[in-house]
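**Student:** Below: one structure in structure tokens.
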Amino acid sequence: MRTVKEILEELKPGVDFEGLTDIATNRVLDSIAIVTLVSELCDEYDIEITVPDIIPENFDSIEAMEALVEKLQDED
Amino acid sequence: MSYTTIAFLGFVLITGILYYVLPKKIQWVILLIASLVFFVLTSGWKTILMIAATAIIYVAGILLSRANDKFEFQKKDLEKEQRKALKAKTAQKKKAIVVIAVLLTLGILLAAKYSNFFGSVVNSVAALFGATAIVPMFKLFMPLGISYYTLMSISYIVDVYRGVISAEKNPFKLLLFVCYFPHIVEGPFDRYKDLSQQLSTPHTFEYDAVKNGGIRMIWGFFKKFVIADRAAIAVNAIFAASGDFGGSAILLSVILYTFQIYAEFSGCMDIVSGISEMFGVKIAQNFARPFFSGSINEFWRRWHITLGLWLKEYVFYPVSISKHFKNLNKWVRAHVKSEHLVSFLPAAYSLFFVWFCNGMWHGASGKYVFYGLYYYVLMMLGQLMKPVSDKALNGLHIKRETKGYHLFEILRTDVIVCLGMLIFRAPTLSQAGTMLKTVFINPNFTQLFNGTLNFEGIGPWDYVVLAAGAAVLLLVSILEERGHDIRADIDKAPIPARWAVYLCLIFSIVIFGIYGGDYANPSFIYGDF
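From first to last, the protein sequence lines are chains A and B. Just so it is clear: in the first sequence, position 63 is 63 by my numbering, and no numbers are missing. Numbering-wise, my numbering comes out as the position in the second sequence, counting from 1, plus 76.
Have a look at this one:
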């Protein structure tokens, strides 16, 4: 299973996401990239990410994305 | 009752006095009564449509809330599998409720605004097969703010469905959110989660809040009366007889119209935000100096911001995380080799819906659909050609990060926007095409200087006032773009300087504003949507 970091690096090669805390807020990933990432995360971790989950707080850092995945896995 | 009348100012004053004098716990009731009075005075019997929309979302919200409560109550005693089944059943029920509520709310808008458009499409298709008109045309009426309160109502009920907010139990509080008079004519599209608390919370009279709100309101009147309504005279005259004018006059009218619509729409937002601030309620920001944008994408994040956010939240995301989109995304990833196309194609698909809706929202005609798709096509072309433009820039040793290139990007965006405004303002697409052609084949520069552009109500000095007004607007925008809070900056100035600025602003409206006599100020352009 790919990690969140690996998915991000495949999505945006050449960007070092480690340590970033404003990935969504500062549009390191734009809306299109975010929805592609959502699709990848859903497939990879068998979770359902809904529209209310798509807020900057959940996509601003690798840790926030991992926390979202974990939360949704627990809910299932 | 228009925002630009003395009667409206009197209405705000009376509302404000009652709001702060009567007990705080009924402040929201004062706002509700004032909003309903405003609505009835402006819209008459059509107010009933707004109340119907509120009733629909109120009932749907309560039903969604009950479905949630029932699930929470029943799930306690169930095994995991049973709980899953009950969850699925509840989800299905909730989906049915929200779909019916959205369709009913949207149905009112479609009937009032779009029935002739869809009817004419059906009739045109029928004509292709030799049939006569199937759908009759109706004399349509456009109730005040219907496009605004419909979209805000949809956002409320979808947010309840998504669990972002809880359903409002008090129907009158929900009614206040829907018909709150500062946001009902031209928006902004406020969201319930941002406004409900502010509308319900008691507010103490604060001199600074009232003063700052008042200054913002006056600034909005300056934009409307001094710039927008003056520009409107020349714009209307040239667009009404565009065949009589050369390309340079047409170009000037397009630039003036761009100024007009920006000054008017953002001015209206200043007026209503200022008024709302006086009540201690902060409504959503709708503009962020859009003409400093480096791309169309950025322009639409700074222009009519709340429409963009609405479309993102309720059109773009639902389309983009839908099953069919995911399947399309997967198919593209499996079959397309170019990395660039892999990211481009899904974006092109989901953004099509956004821009189609954007165009349709502006008006029920093919012209507005074209207007929305104009931006869509340009945006997609820009994205598609990015590798080529990157190569070209590298070859020419031009760096995107330089100030000069950024200035070029801003100018390019503004030219594209002006062209979009030509489409937007021209009565038909063919007239827009003819006017654009004239710009290139018959510039006729002499018309700029031989008095052709002096119309009834606008002479050479008016153009000077317009230029000065635009310069003030530009200066304020530059300062804001650099991070200045103009009102706070003025507040820090010594009292004489501070009041000199306030009085200049007020007297510039009194002296240079277009109003009074036989002149009827144009209604707000976005109020017609």
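Positions of the beta carbon are idealized from the N, C-alpha and C atoms, including for glycine. This one's a predicted model, so the numbers in the text were calculated from it and none came from an experiment.
1) Taking all protein chains shown into account, do 16 or more other C-beta atoms lie within 10 angstroms of the C-beta of B:HIS438, making it buried, or fewer, making it exposed?
2) Whose CA, out of B:PRO598, B:ALA136 and B:LEU512, lies closest to the CA of B:ILE176?
3) Among all the DSSP beta bridges, which residues are the ones paired with B:ILE590?
4) In chain A, what lies closer than 7 Å to B:GLY239 by C-beta?
5) Since A:VAL38 meets chain B, which of its residues come closer than 7 Å, beta carbon to beta carbon?
6) Just to confirm my understanding: we take B:LEU581, look at its own chain, exclude 5 residues before and 5 after, and list those with CB closer than 8 Å. What are they?
7) Between the Cα of A:TYR45 and the Cα atoms of A:LEU20, A:ASP60 and A:GLU66, which residue gives the shortest distance?
8) Within 8 Å, do at least three Cβ pairs link the stretch 269 to 279 of chain B to the stretch 237 to 255 of chain B?
9) Let me check one thing: in DSSP terms, what residues is B:ILE534 bridge-paired to?
10) Determine the DSSP secondary structure at B:LYS399, reduced to helix, strand or coil.
11) Measuring only the C-alpha atoms, how far is B:VAL541 from B:LEU495?
12) For the alpha helix (DSSP H) containing B:TYR451, name the first residue and the last one.
13) Output yes if chain A places a C-beta closer than 9 Å to the C-beta of B:GLU157; else output no.
14) Find the residues of chain A that neighbour B:GLU389, judging by a C-beta separation of less than 8 Å, and give them in chain order.
15) Taking 9 Å as the threshold (C-beta atoms), are B:SER231 and B:LEU185 in contact?
16) What residues from chain B crowd round A:SER112, counting only those whose CB sits closer than 9 Å?
17) Excluding the 5 residues flanking B:PHE335 on each side, which residues of the same chain have their C-beta closer than 7 Å to its C-beta?
18) Could you work out which residues of chain A lie near B:SER111, taking near to mean beta carbons separated by less than 9 Å?
19) If you reduce the DSSP assignment to three classes, tell me which class B:PHE525 lands in.
20) Taking a contact to mean a Cβ-Cβ separation below 9 Å, would you say B:GLY602 touches B:GLU262 in this structure?
21) Taking the C-alpha atoms as reference points, what is the distance between A:ASN58 and B:ARG365?
22) On the premise that B:LEU180 lies in contact with B:ILE132, defined as a C-beta separation below 8 Å, what is that separation, rounded to the nearest angstrom?
23) With DSSP run on the structure shown, which of helix, strand or coil describes B:LEU472?
24) Going by other Cβ atoms of all chains shown within 10 Å of its Cβ, with 16 needed for buried, is A:GLN78 buried or exposed?
25) Ends of the alpha helix (DSSP H) at B:ILE303?
26) Taking C-beta pairs closer than 7 Å, name the residues in chain A that B:PHE392 reaches, listed in chain order.
27) Taking CB distances under 9 Å as the criterion, tell me whether B:ASN405 reaches chain A.
28) Sort B:SER324, B:LEU579 and B:LEU154 by Cα distance to B:THR528 and report the nearest one.
29) What are the residues of the stretch 123 to 146 of chain B that lie near chain A, defined by any Cβ-Cβ distance shorter than 7 Å?
30) Does the Cβ of B:LYS152 have 16 or more other Cβ atoms within 10 Å, making it buried, or fewer, making it exposed?
31) Would B:VAL174 pass as a contact of B:ILE233 if the rule is Cβ separation under 9 Å?
32) Note down the Cα distance separating B:TYR591 from B:ILE309, rounded to an integer number of angstroms.
33) Please list the partners that B:PRO366 has in chain A, where partner means a Cβ-to-Cβ separation under 8 Å.
34) Using a beta-carbon distance cut-off of less than 8 Å, what residues from the stretch 411 to 422 of chain B approach chain A?
35) Interface residues of chain A around B:LYS402 at Cβ under 7 Å?
36) What does A:VAL69 reach in chain B if we use C-beta pairs closer than 9 Å?
**Tutor:** Taking the coordinates as given:
1) By the neighbour-count definition (other C-beta atoms within 10 Å, threshold 16), B:HIS438 is a buried residue.
2) B:ALA136
3) The partner list for B:ILE590 (beta bridge, DSSP) is empty, contrary to what the question assumes.
4) Residues of chain A passing the Cβ test: PRO52.
5) The answer, in chain order, is ILE397.
6) ILE291, ILE294, TRP295 and PHE298.
7) A:GLU66
8) yes
9) DSSP, once it has assigned bridges, lists B:PHE531 as partnering B:ILE534.
10) helix
11) 25 Å
12) 442 to 460
13) So no, B:GLU157 is outside the interface.
14) VAL51
15) no
16) A question about residue 112 of chain A goes unanswered here, because the residues of chain A that appear run from 1 up to 76.
17) ILE303, ALA307 and ALA546
18) For B:SER111, no chain A residue has a Cβ inside 9 Å of its Cβ, as the nearest lies near 29 Å away.
19) Here B:PHE525 sits in coil by DSSP.
20) What sits at residue 602 of chain B in the sequence shown is Tyr, not Gly. For B:TYR602 and B:GLU262, yes; Cβs fall inside 9 Å.
21) Between the C-alpha atoms of A:ASN58 and B:ARG365 there is a straight-line separation of about 28 Å.
22) Yes, they are in contact, since the Cβ atoms of B:ILE132 and B:LEU180 sit about 5 Å apart, within 8 Å.
23) coil
24) Here chain A comprises residues numbered 1 to 76, so residue 78 of chain A is not present and cannot be evaluated.
25) Neither: B:ILE303 is in no alpha helix (DSSP H) and is coded neither H nor E.
26) SER31
27) yes
28) B:SER324
29) none
30) exposed
31) yes
32) 12 Å
33) Those within 8 Å of B:PRO366 in chain A number zero; the least Cβ separation is about 17 Å.
34) Within the stretch 411 to 422 of chain B, the qualifying residues are SER419 and PRO422.
35) SER39
36) Near A:VAL69 there are no residues of chain B at all, since even the closest Cβ is about 15 Å away, more than 9 Å.
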